[in-house]
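Novice:
Residue numbers (the numbering used here): 37 to 199.
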């Protein structure tokens, strides 16, 4: 079976890199092939990378509060590029100020995102969701259900090759 490839990055003019690197490490240790575009990534760069790598999902991060503007139209552009069914995940500090997350989630779901995560979401939540959504949780060695005894951050430490 093919190891799932993820394209990830921080959208728009956002330069918050630390969380992006944490997510890259967590998804890599869980067994995913991660293509990290870094910070200040445009919609077009996400799409081009997804096409070039035959990605199975796009993960968008934003911490500076302008994700609603930065993400608007991404699903439509994916459709135009021929990858309209690719899973789109978004997470972080998605809006400026305090907002009810249920409302924020609905805004992004209406924009075509499959999963929307609030600030402070632990990586294992997105890892478990993505493994489930891609149907790989049964065979991807580093992915296990949350809450299973002996598993830390959704990663089976014995299955991770030491580098």
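Note that the Cβ used here is the ideal one computed from N, Cα and C, for glycine as well.
1. Just to confirm the assignment, what range does the beta strand (DSSP E) spanning residue 94 have?
2. DSSP three-state label for residue 29, please.
3. Identify, in the order they occur along the chain, each residue of the same chain with its Cβ nearer than 6 Å to the Cβ of residue 69, setting aside the five sequence neighbours on each side.
4. Report the residue from 48, 163, 52 and 92 whose alpha carbon sits nearest the alpha carbon of residue 121.
5. Using 10 angstroms around the beta-carbon of residue 193, count the other beta-carbons present and answer buried if the total reaches 16, otherwise exposed.
6. Does the count of Cβ pairs from the segment 99-116 and the segment 126-139 closer than 8 Å reach three?
7. Identify the continuous alpha helix (DSSP H) that holds residue 105 and give its terminal residues.
8. Roughly how many whole angstroms lie between the Cα atoms of residue 50 and residue 108?
9. Is the separation between the beta-carbon of residue 46 and that of residue 85 shorter than 8 Å?
10. Near residue 116, what residues of its chain come up, given a Cβ to Cβ distance below 8 Å and the 5 sequence neighbours on each side ignored?
11. Nearest CA to the CA of residue 83: which residue from 54, 63 and 123?
12. Since residue 72 and residue 81 are thought to touch, with beta carbons under 8 Å apart, how far apart are those beta carbons, to the nearest angstrom?
Specialist: The short version:
1. Taking the chain shown and counting its residues from 1, the one referred to as residue 94 is at position 58. Unbroken beta strand (DSSP E) run through residue 94: 93-98.
2. Outside the displayed span of the chain (37 to 199) sits residue 29, for which this structure offers no information.
3. Taking the chain shown and counting its residues from 1, the one referred to as residue 69 is at position 33. For residue 69, where only same-chain residues beyond five positions count, the Cβ hits under 6 Å are 39 and 41.
4. Within the chain shown, numbered from 1, the residue matching residue 121 stands at position 85. Of the listed residues, the one whose Cα sits closest to residue 121 is 92.
5. Here residue 193 is taken as the residue at index 157 of the chain shown, counted from 1. Confidence at residue 193 is low in this model, with a pLDDT of 39, below 50, so its placement is unreliable and no value can be given for it.
6. yes
7. In the chain shown, residue 105 corresponds to position 69, counting from 1. 103-107 is the span of the alpha helix (DSSP H), which, as asked, contains residue 105.
8. In the chain shown, the residue the question calls residue 50 occupies position 14. In the chain shown, the residue the question calls residue 108 occupies position 72. Looking at the two C-alpha atoms, the distance is approximately 15 Å.
9. On the chain shown, position 10 is the one that residue 46 refers to. On the chain shown, position 49 is the one that residue 85 refers to. Not closer than 8 Å, so no.
10. Translated into the one-based positions of the chain shown, residue 116 becomes position 80. Excluding sequence neighbours, residue 116 sits near nothing in its chain.
11. Position 47 of the chain shown, counting from 1, holds the residue named residue 83. Closest option to residue 83, Cα to Cα, is 123.
12. Residue 72 sits at position 36 when you count from the first residue of the chain shown. Residue 81 sits at position 45 when you count from the first residue of the chain shown. The pair is not a contact, with the Cβ atoms about 12 Å apart (cut-off 8 Å).
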